[in-house]
Every structure is written in C-alpha cells, then in structure tokens.
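Below: one structure, written as structure tokens.
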Amino acid sequence: MRYFIRISFLGKKYCGWQIQPGQISVQETIEKCIGNLIKEKINIVGAGRTDAGVHATSMYAHFDTINTIQIKDFIKKINLYLPVDISVIDLVNVKEKSHARFDATSRTYKYFITKNKDPFKIDQSFLCKYDLDLKLMKKAAKILLKFDDFESFSKSKTDVKTFICKVNYAEFTQDKEMIIFEINANRFLRNMVRAIVGTLIEVGRKKISVKDFEEIILKKNRSSAGFSAPAKGLFLTDISYNWGKIK
Numbered sequence: 004m005r006y007f008i009r010i011s012f013l014g015k016k017y018c019g020w021q022i023q024p025g026q027i028s029v030q031e032t033i034e035k036c037i038g039n040l041i042k043e044k045i046n047i048v049g050a051g052r053t054d055a056g057v058h059a060t061s062m063y064a065h066f067d068t069i070n071t072i073q074i075k076d077f078i079k080k081i082n083l084y085l086p087v088d089i090s091v092i093d094l095v096n097v098k099e100k101s102h103a104r105f106d107a108t109s110r111t112y113k114y115f116i117t118k119n120k121d122p123f124k125i126d127q128s129f130l131c132k133y134d135l136d137l138k139l140m141k142k143a144a145k146i147l148l149k150f151d152d153f154e155s156f157s158k159s160k161t162d163v164k165t166f167i168c169k170v171n172y173a174e175f176t177q178d179k180e181m182i183i184f185e186i187n188a189n190r191f192l193r194n195m196v197r198a199i200v201g202t203l204i205e206v207g208r209k210k211i212s213v214k215d216f217e218e219i220i221l222k223k224n225r226s227s228a229g230f231s232a233p234a235k236g237l238f239l240t241d242i243s244y245n246w247g248k249i250k
C-alpha cells in the first residue's frame, strides 16, 4: 500500500531533505522513525529536495508498506518517535502509482526578511540591515512571470535536464516586522528561490535596476545574478495535487 505523508520541519539541524553520508537529513530521520513504528524497512520519496537549513510548513512524501495503517493512531505515535523539530501533519492512502514528486502540480515557497533584530526570529528569517525600496522589488518580481528559463537562478554545475519553470505568481507583502516574498511555480531549480531573493534585494538596495534584473534572466548565467539569500529565511509552504486522480 502507498501512503502520502504531510510533514513540517525546522531545517536548522539538518543537511537538507535528502540522505547524505555522515550527515543528518530529514528524509533519513523520518524513514527510521516510521520503520521503527511499523516494524518494517521503508523508503520515503520526497516531493522535492530542500537544501540545508531550509524549513517546511507543508512538505509531502510517499512510502510503501505491506501494513494497513490506522491513520489517526499512526500520526499520534509517529510524532512521539520524531524529534521536536519534525512533525507529521497528515497521512493519506493513495493509488499504488501515485508519486509525491511527479504528481505535484505546483509548489509554493515563502521567504522572510526581517527589518529589526529579534532573537526569536533569527533562525527563521534573514535580518537585512539595508534600506530596501519595496516598490522596485515588487516591480522586478512581476518580471519573473514573463519568462520560463531560469538558468540564471539555478545552482551552478547542476545536472538538471531543463531550466524551464512556469512561475504562476511572485509577490511581496509587508507588515511592521517582516517583508515576505511568496512565489508559486510548477517546479523549482536548485537554489532558485534564494538566488531570486538575493537578486531582488540588490534591486531594493538600488545596486541594480529593474531593467538589470530582466537582463540577468536573459543572460542565463548564474554569475550574472545576485547572492543567494540565507537558507534560514526560506520555507516550503505548500505543494498542490489533483487529489481526485491520486487517491
């Protein structure tokens, strides 16, 4: 039987989602806890691969088991097994061929920029000490919707087959404490959101213009773009599925 599992986690202590030799990953931590609970070795497949230090409020993965799981009881017990910085939110029985990664229709990320030093937010946001022109940043963010090739914001020396992504929206909101960048797309490249945010911050600082931002995308060269914003400010907040097809 195949199950989709919905989880949240703080990424500070982890090398990222994917298992890496000699390091602690979110994937391995969850696999071990589920295996211990259901007395079966399982392999869990994530909907994506978050980098070291990146958080998630809603991440999906799937695993197969020979056991029929009592969902409410499972969620209660697995959260006792898991460390305090990982939580299981939900578990859904799905069709045998449903896939957490390939069946996802879109992903949403939020990036949090704090304007004031706050020790309670320091591990979940980027403290930006510069004055930012949010109007310019909003204008530049809209340009993302005009393009589908984001090689300029992809990690260098990657083995990805295509740099094509469909960005559905990219927008900034602001309150007294935070500037929040939210972006939704059908898929994301490695390091893409952090590179976009870092470059948009340079627009906000007026180090580059809105026109420069557009030209950076056209150059399709990572070295033309800005810095990668720190991982601690990035949250995976939603993954969408056509549940009618996969359940």
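Just add 3 to wherever you are in the sequence shown, counting from 1, and you've got the working numbering. Ideal Cβ positions, reconstructed from N, Cα and C, are used throughout, including at glycine. If you're wondering where the values come from, they're calculated on a predicted model, not measured in any experiment.
_Using a Cβ distance threshold of 8 Å, determine whether the region 80-97 contacts the region 109-127, with at least three qualifying pairs required._
Because the criterion of three Cβ pairs below 8 Å is not met, the region 80-97 and the region 109-127 do not touch.
*In its own chain, which residues sit with a C-beta less than 6 Å from the C-beta of L135, not counting the 5 before and 5 after it?*
Counted from its first residue, the sequence shown places residue 135 at position 132. Closer than 6 Å at the Cβ level, and outside the excluded window around L135, lie G207.
*asked:* Are the CB atoms of I211 and E205 within a distance shorter than 7 Å?
replied: Here residue 205 is taken as the residue at index 202 of the sequence shown, counted from 1. Here residue 211 is taken as the residue at index 208 of the sequence shown, counted from 1. Taking C-beta atoms as the reference points, E205 and I211 count as a pair closer than 7 Å.
*Once you ignore the five residues that flank S28 on each side, which residues in its own chain have a CB closer than 8 Å to its CB?*
Along the sequence shown, read from residue 1 onward, the residue named residue 28 stands at position 25. Within the same chain, S28 has close Cβ partners Y17, C18, G19, W20, Q21, I22.
*Answer with buried or exposed for F238, where buried requires no fewer than 16 other C-beta atoms within 10 angstroms of its C-beta.*
As a working note, residue 238 is residue 235 in the sequence shown. Per the 10 Å Cβ criterion, buried.
*Which residue's Cα is closest to the Cα of I183: V196, K169, K79, P24?*
Stepping through the sequence shown from its first residue, residue 183 is reached at position 180. Comparing Cα-Cα distances from I183 to each of V196, K169, K79, P24, the minimum goes to V196.
*Can you tell me the Cα-Cα spacing of I199 and I81, whole angstroms?*
As a working note, residue 199 is residue 196 in the sequence shown. As a working note, residue 81 is residue 78 in the sequence shown. Distance between the alpha carbons of I199 and I81 is about 36 Å.
*Taking the C-alpha atoms as reference points, what is the distance between L83 and G38?*
Stepping through the sequence shown from its first residue, residue 83 is reached at position 80. Stepping through the sequence shown from its first residue, residue 38 is reached at position 35. L83 and G38 have their C-alpha atoms spaced approximately 14 Å apart.
*Answer yes if the region 111-128 comes into contact with the region 230-250, meaning at least three C-beta pairs across the two stretches below 8 Å, and no otherwise.*
Output reads yes: the region 111-128 touches the region 230-250.
*Which value, in whole angstroms, describes the spacing of the CA atoms of K223 and L148?*
One-based indexing of the sequence shown puts residue 223 at position 220. One-based indexing of the sequence shown puts residue 148 at position 145. Going by the C-alpha atoms only, they are around 16 Å apart.
*Hey, out of L203, K179, R193, whose CA is closest to E185's CA?*
On the sequence shown, residue 185 is found 182 positions in, with the first residue counted as 1. Taking only the C-alpha atoms, the option nearest E185 is L203.
_Checking the sheet assignment: what are the DSSP bridge partners for V213?_
The residue labelled residue 213 in the question sits at position 210 within the sequence shown. In the DSSP output, where bridge partners are listed per residue, V213 has none listed.
*Taking all protein chains shown into account, do 16 or more other C-beta atoms lie within 10 angstroms of the C-beta of L85, making it buried, or fewer, making it exposed?*
Residue numbering aside, residue 85 sits at position 82 when the sequence shown is read from its first letter. With 16 or more Cβ atoms within 10 Å of its Cβ, L85 is classed as buried.
*V87 lies in the beta strand (DSSP E); which residues open and close that run?*
Stepping through the sequence shown from its first residue, residue 87 is reached at position 84. Element bounds for V87: n/a, residue is neither H nor E.
_Quick check: the Cα distance between R104 and F129, rounded to an integer number of angstroms?_
Residue numbering aside, residue 104 sits at position 101 when the sequence shown is read from its first letter. Residue numbering aside, residue 129 sits at position 126 when the sequence shown is read from its first letter. Rounded to whole angstroms, the separation of the alpha carbons of F129 and R104 is 28 Å.
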